[in-house]
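Asker: Could you have a look at this structure, given as structure tokens, before my questions?
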Amino acid sequence: MSTFERMKIGIRSVNRDDLDTFVNLYKISYQGLEDYAYTRNRDIKHYFRWLMSRDKDGFFIAEIEMPVGFVACDTNWISFFDDTRVGEIHELFVHPEWRGRGIGKELLTTAIEYAKSKNRFLIELWVGETNELAKRFYQKNGFVEKGSWGKWIRMIKKV
Ligand SMILES: CC(C)(COP(=O)(O)OP(=O)(O)OC[C@H]1O[C@@H](n2cnc3c(N)ncnc32)[C@H](O)[C@@H]1OP(=O)(O)O)[C@@H](O)C(=O)NCCC(=O)NCCS
């Protein structure tokens with residue numbers, strides 16, 4: 025058994041004290057993907073507060089002794105495309121050194137289960153058109169491309 029397999033991922037709801045952790049992890053996770061992300065601390069802090077205000081119960085952090093990733097699922101969102109309430113995944117990222125070990129999938133599953141608990145059976149998200157790693161990740165997890173807006177690709181999954 026590898027060291028990683030013995031380490032347990034903990035996923036819990038985010039609280040206001042996680043602000044600085046979010047800012048640090050966000051910046052590391054989006055290195056090389058700045059076309060699709062905020063870069064200034066002030067904007068990332070504002071974004072964190074916006075995510076909390078949208079649906080704080082759908083905002084989760086993954087920890088393996090240290091924080092390794094976040095997901096934010098908004099069940100109050102109305103899709104521009106379908107004019108219906110969806111589980112909107114505004115955010116999902118994992119620290120680069122912890123990728124490829126199933127943490128992203130765990131976070132995504134947590135978000136989807138949360139959406140289902142709120143009777144949202146369509147999951148929607150927007151991914152950068154050249155963000156191949158994330159697009160592949162979502163496809164493997166059952167999402168399909170359904171529309172685009174500027175440099176963003178819309179992906180959905182019925183659950
Ligand atoms: C998309 C993202 C959240 C996935 O997180 P993750 O923890 O790597 O996800 P998982 O480990 O569950 O799945 C990654 C897949 O890539 C494979 N992979 C292998 N090595 C990898 C590596 N070094 N880095 C990334 N993926 C790797 C995994 O094996 C897995 O495929 P599988 O399901 O066939 O096993 C992560 O790449 C990320 O944070 N990207 C930057 C931020 C971003 O683009 N977010 C999405 C915005 S819409």
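In this note's numbering, the protein residues as written are 25 to 183. In this text, a Cβ means the ideal position worked out from N, Cα and C, and glycines have one as well.
1. Quick check: isoleucine 68 and valine 47, are their CB atoms within less than 8 Å of each other?
2. Give the secondary structure of histidine 114 by DSSP, where H, G and I count as helix, E and B as strand, and everything else as coil.
3. Figure out for me which residue from Gln163, Val168, Asn155 and Val183 has the closest Cα to the Cα of lysine 175.
4. Should lysine 182 be labelled buried (16 or more other beta-carbon atoms within 10 Å of its own) or exposed?
5. If distances are taken between C-alpha atoms only, which option among Glu87, Phe84, Gly111 and Ile85 comes closest to asparagine 100?
6. Can the beta-carbon of serine 53 be found less than 8 Å from the beta-carbon of phenylalanine 117?
7. Might you give, ordered along the chain, the residues of its own chain that have their beta carbon closer than 8 Å to the beta carbon of arginine 36, omitting 5 neighbours on each side?
8. Please list, in chain order, all residues of the same chain as phenylalanine 161 whose beta carbon is under 7 Å from its beta carbon, the five residues on each side excluded.
9. Where DSSP assigns a beta bridge to phenylalanine 14, which residues make up the other side?
10. Buried or exposed: which applies to valine 95, given that a residue is buried once 16 or more other Cβ atoms fall within 10 Å of its Cβ?
Answerer: Let me lay it out:
1. yes
2. strand
3. Asn155
4. Around the CB of lysine 182, fewer than 16 other CB atoms lie within 10 Å, so the residue is classed as exposed.
5. Among Glu87, Phe84, Gly111 and Ile85, the Cα nearest to that of asparagine 100 is on Gly111.
6. yes
7. Counting only residues of its own chain and dropping the five nearest sequence neighbours on each side, arginine 36 has a CB closer than 8 Å to the CB of Phe84, Ile85 and Glu87.
8. Its chain contains Gly128 as the residues whose beta carbon lies nearer than 7 Å to that of phenylalanine 161, once the 5 sequence neighbours on both sides are disregarded; these appear in chain order.
9. No information on residue 14 is available, as it lies outside the stretch 25 to 183 that the chain covers here.
10. buried
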